[in-house]
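When the letters of the sequence shown are read in order and numbered with our numbering, they come out as residues 30 to 250. Glycine residues also receive a C-beta, built at the ideal position from the N, C-alpha and C atoms. Predicted, not measured: the structure shown is a model, and the values here were computed from it. The structure appears below as structure tokens.
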Amino acid sequence: MNQPRPRIIPEATVARLAVYLRVLTTLADGGRTTVSSGELASAAGVNPAGLRKDLSHLGPCGVRGVGYEVGTLRDRIARVLGVERSRACVLVGIGNLGSALAGYAGFGTRGFEFVGLFDASPTRIGQPVGGLQVRPLDELEEVVTATGASIGVITTPADVAQPVCDRLAAAGVRSILNFAPVTLVAPAGVDVRKVDLSVELQVLAFLGQQRSVPLPVEEPA
30 MNQPRPRIIP
40 EATVARLAVY
50 LRVLTTLADG
60 GRTTVSSGEL
70 ASAAGVNPAG
80 LRKDLSHLGP
90 CGVRGVGYEV
100 GTLRDRIARV
110 LGVERSRACV
120 LVGIGNLGSA
130 LAGYAGFGTR
140 GFEFVGLFDA
150 SPTRIGQPVG
160 GLQVRPLDEL
170 EEVVTATGAS
180 IGVITTPADV
190 AQPVCDRLAA
200 AGVRSILNFA
210 PVTLVAPAGV
220 DVRKVDLSVE
230 LQVLAFLGQQ
240 RSVPLPVEEP
250 A
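As structure tokens, then:
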């Protein structure tokens, strides 16, 4: 018997689904049981038509005149995104950024748990960060295997990020979030997403500069 094919959801829609999930979780925590499409769209920063198009990838969700049941929609999106259960993550590079990420409690409430923190510096090994002790990089493969970690976060300097990526992939990690200022090459079957904070800041600086430029005044005919 043929199995139904999984829905193909555009990557941009997946990113917005993650935002909807965050809003719905906040609403549920506050005791809300229903939300209108307009309210959910406004809280997520999209227009209602775009919201309904995104949610159409999930199948029938809302009730006309009532809106969406907060808990049901939250759970459905969580299943689609694969975060209905906790995902084990490892983080390599315990500098200022790595320490901040490791200590951020919000990841745990969103279905992600750091199970290993690693660094090559002897001065950082053994330090407690976010409830875990920093381990030597030599133990990376052992921890990934023992915990089944499927996500790796790289916050190392650029010159060592690629070797770390190689080791994560070889150990069985299939998703990598890279904060190092370098483009990584990963084998087939390993997804890499790059977060370049300096680029994002430069984009914001450009947008701010554009807003500060006065609009040209049209001369009367």
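Is it the case that the Cβ atoms of residue i and residue j are separated by a distance below 8 Å?
i: L120; j: L146; result: yes
i: L110; j: A47; result: yes
i: I106; j: L53; result: yes
i: V81; j: S71; result: Per the sequence shown, residue 81 should be read as Arg rather than Val. No, these two residues do not count as a Cβ contact at 8 Å.
i: F143; j: G159; result: yes
i: A215; j: G177; result: no
i: S115; j: G140; result: yes
Taking residue i and residue j to be in contact with their CB atoms under 8 Å, please state how far apart those CB atoms are, rounded to whole angstroms.
i: G201; j: T174; result: 7 Å
i: C194; j: I183; result: 6 Å
i: V221; j: I205; result: 5 Å
i: E170; j: R196; result: 7 Å
i: G122; j: T185; result: 4 Å
i: R103; j: L50; result: 6 Å
What separation, rounded to the nearest whole angstrom, lies between the Cα atoms of residue i and residue j?
i: S253; j: D225; result: What the structure shows of the chain is the stretch from 30 to 250, and residue 253 is not part of that stretch, so it cannot be assessed.
i: G100; j: G74; result: 20 Å
i: E98; j: D148; result: 44 Å
i: G79; j: R203; result: 31 Å
i: T42; j: P151; result: 43 Å
i: A187; j: N207; result: 10 Å
i: T212; j: G124; result: 20 Å
i: P89; j: T63; result: 15 Å
i: G59; j: T138; result: 15 Å
i: L9; j: S241; result: In the structure as shown, the chain begins at 30 and stops at 250. Residue 9 is therefore absent and cannot be evaluated.
i: E40; j: Q162; result: 35 Å
i: E168; j: R93; result: 54 Å
i: P157; j: Q239; result: 44 Å
i: A199; j: Q191; result: 12 Å
i: V112; j: R45; result: 15 Å
i: R61; j: N76; result: 21 Å
i: A134; j: G155; result: 20 Å
i: R164; j: E68; result: 45 Å
i: V172; j: F235; result: 43 Å
i: K223; j: I37; result: 22 Å
Is the beta carbon of residue i within less than 7 Å of some heavy atom of the ligand SAH?
i: R81; result: Summarising the ligand content, the structure contains no ligands, and the ligand SAH is consequently not present.
Between residue i and chain B, is there a C-beta pair that is closer than 8 Å?
i: F235; result: Looking for chain B here will not work: only one protein chain is present.
Worksheet item: Of all the alpha helix (DSSP H) runs that stay within the bounds of the segment 41–120, which reach a length of 4 or more residues?
Response: 66–73, 77–85, 99–110
Fill in: Length at least 3, wholly inside the segment 122–184: the beta strand (DSSP E) runs in chain order
141–148, 161–165, 180–183
Fill in: Every unbroken alpha helix (DSSP H) within the segment 190–243, with a cutoff of 4 residues, ordered by chain
226–241
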